[in-house]
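Everything below concerns the one structure shown next.
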Amino acid sequence: MKVASRPRIWMIKTLDEQVAAKFTASHRFLIASHVRPDADAAGSLLGLGLALMRQGKSVQMVLEDGGEKFRYLPGAEQILRAPQGEVDMIIVVDCSDSDRVGAVLNGYGQPDLVVDHHKTNLDFGKINMVEPAQVATAAILFDHMPAWGLEIDADSAMCLLAGIVGDTIGFRTPNVDAEVLRRCAALIDLGGDLTHIYNEELVMRSYEAVRYWGSGLNRLEHDNGLVYTSLTLADRQDAGYLSDDDADLVNVLSAIREAQIAIIFVEQRDNTVKVSWRTRPGLDVSGIAYQFGGGGHAAAAGADIEGSLAEVKRRVIHETHKLLGNLTKEMGV
Ligand code: 5GP
Ligand code: MN
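Residue numbers (this note's numbering): 3 to 335.
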């Protein structure tokens, strides 16, 4: 029997429309980002969170390690270390996999929306807005927030600008082009204070942090294009430096002319080592970080690797020399 054909209307929504619809339907939001947050994690979290709050939404902005480091950003004092109660929409920003959020989302299920620019992203959300060509997650938010019905006011602009300044290390990464600067100019027009952000994020350091750098710089090594050093628990104690990161010493290492690749090893309390790689244009360290269970970008990547400092250093240095093409058969590889 012949069935009369009816015209079919495809209701395919764009990603922006899906996000906007979910925003409209939701009242209680949970936004999270990664452990050991950087300016893009905190800036994206706050830039989006503050805009939702201004619409009268209830928003929990959560970082497992807290937002103390980002006190220079508006709204940072509202960052929680753990969420409470039920929520309608879960958003994760600047995170390539769910492990990297820490324990924050335990019991909360799959994120509704993931916004990220890491090419190692595992698409772990229900909606995944992943744009690896973008310099920062904050830049993705700048592009899409208007389409989601969200206004970027001076506070949000400040936070998004911090994300871009942080992830480009002050416009020093090779992915910075005129478009990126135009976005920053627009954020400055909206009220972002570039000088303040630049100084707070990239220039000013505590006395303890710089003393801590001293320990790492004292044991700096250079071997065939690979420049590396380590920072130990004892170094942190000696310097009175309270966080468990490298205090951005990796940026100093990556400025060393001889470094094709720079690596920093930061000893942790739980028999793991936080490893950060940085490299020059033309090389890609995201694969090696991924191989060790981490992730990141071509020019900057990291991983938390289990083992003692000595053991992790040996394994990572060996694999990184391989990436640099430094190891030949005669050297036993
Ligand atoms: P950093 O070395 O400054 O911690 O991070 C450099 C880049 O690699 C950042 O984009 C950061 O998000 C990513 N990254 C660092 N550590 C990890 C990790 O353990 N897992 C994943 N997936 N990405 C990481
Ligand atoms: Mn980022």
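The beta carbon of each residue, even a glycine, is placed where N, CA and C say it ideally should be. Bear in mind that the values here come from a model prediction, so they are computed numbers and not experimental data.
Looking at C-alpha atoms only, which residue of the options is the closest neighbour of residue i?
i: H224; options: V103, D240 and A264; result: A264
i: K324; options: G289, A305 and G304; result: G289
i: I266; options: H299, G284, T231 and D101; result: T231
i: E269; options: Y243, A236, G296 and N253; result: A236
i: D246; options: Y292, M13, H320 and D272; result: D272
i: Y292; options: P283, R282, V277 and G284; result: V277
i: L52; options: E19, A188, G298 and Q80; result: Q80
i: I199; options: A164, L183 and D67; result: A164
i: V275; options: T281, R316 and A141; result: R316
i: A22; options: V37, H36 and L54; result: L54
i: D145; options: L222, Y110, I129 and R184; result: R184
i: E66; options: M91, R102 and G218; result: R102
i: R73; options: E181, E202, V314 and G227; result: E202
i: S217; options: L326, Y243 and E308; result: Y243
i: I171; options: A180, R280 and E181; result: R280
i: G227; options: Q136, D169, G309 and I319; result: I319
Per DSSP, what kind of secondary structure is residue i in: helix, strand or coil?
i: R1; result: Lying before the first or after the last residue shown, residue 1 is absent from the chain, which here runs from 3 to 335.
i: N273; result: coil
i: S288; result: helix
i: E133; result: coil
i: Q86; result: coil
i: S100; result: helix
i: D237; result: helix
i: G68; result: coil
i: G2; result: Past the boundaries of the shown model lies residue 2; the chain is included only from 3 to 335, so the question cannot be answered.
i: E308; result: strand
i: S245; result: coil
i: E223; result: strand
i: V95; result: strand
i: T281; result: strand
i: Q62; result: strand
i: A301; result: coil
i: F25; result: helix
Given a cut-off of 9 angstroms on the beta-carbon distance, is the pair residue i and residue j in contact?
i: G127; j: V94; result: yes
i: M147; j: L50; result: yes
i: P134; j: A34; result: no
i: Q57; j: G151; result: yes
i: G295; j: A303; result: no
i: L251; j: L233; result: yes
i: M63; j: G77; result: yes
i: V167; j: L204; result: yes
i: D42; j: A140; result: yes
i: L107; j: P85; result: yes
i: Y110; j: L48; result: no
i: R282; j: A312; result: no
i: A159; j: L189; result: yes
i: G298; j: T122; result: yes
What residue range does the beta strand (DSSP E) around residue i cover?
i: T231; result: L228 to L233
i: S46; result: Unbroken run through S46 is the alpha helix (DSSP H), A41 to R56; no beta strand (DSSP E).
i: E153; result: Unbroken run through E153: none, as it is neither H nor E.
i: L204; result: Where L204 is concerned, there is no enclosing beta strand (DSSP E), given that its DSSP letter is neither H nor E.
i: I116; result: Just to set this straight, residue 116 is Val in the shown sequence, not Ile. Its beta strand (DSSP E) spans residues L115 to D118.
Give me the Cα-Cα distance between residue i and residue j, rounded to the nearest whole angstrom.
i: L75; j: C161; result: 6 angstroms
i: A257; j: A27; result: 48 angstroms
i: S100; j: A241; result: 33 angstroms
i: S60; j: R30; result: 5 angstroms
i: K15; j: A149; result: 13 angstroms
i: Y214; j: M13; result: 57 angstroms
i: Q239; j: P39; result: 21 angstroms
i: R83; j: L329; result: 44 angstroms
i: S98; j: D191; result: 31 angstroms
i: E321; j: V229; result: 14 angstroms
i: A156; j: H119; result: 24 angstroms
i: Q20; j: I154; result: 20 angstroms
i: S208; j: K24; result: 42 angstroms
i: L143; j: G284; result: 28 angstroms
i: F173; j: A138; result: 11 angstroms
i: G68; j: V37; result: 9 angstroms
i: N220; j: A249; result: 15 angstroms
i: A105; j: N253; result: 28 angstroms
i: A211; j: K71; result: 12 angstroms
i: M206; j: G194; result: 18 angstroms
i: N130; j: G327; result: 36 angstroms
i: E2; j: T197; result: No information on residue 2 is available, as it lies outside the stretch 3 to 335 that the chain covers here.
i: R259; j: D306; result: 27 angstroms
What are the start and end residues of the alpha helix (DSSP H) that includes residue i?
i: A149; result: Element bounds for A149: n/a, residue is neither H nor E.
i: L251; result: L251 to L255
i: D191; result: A180 to D191
i: L196; result: L196 to Y200
Distance cutoff 9 angstroms, beta carbons only. Does residue i sit that close to anything in chain C?
i: D42; result: Going by chain labels, chain C is absent from the structure shown, which holds only one protein chain.
*Residues passing the C-beta test against ligand 3 heavy atoms, cut-off 6 angstroms*: For the structure depicted, ligand 3 is absent and the ligand set comprises only ligand 1 and ligand 2.
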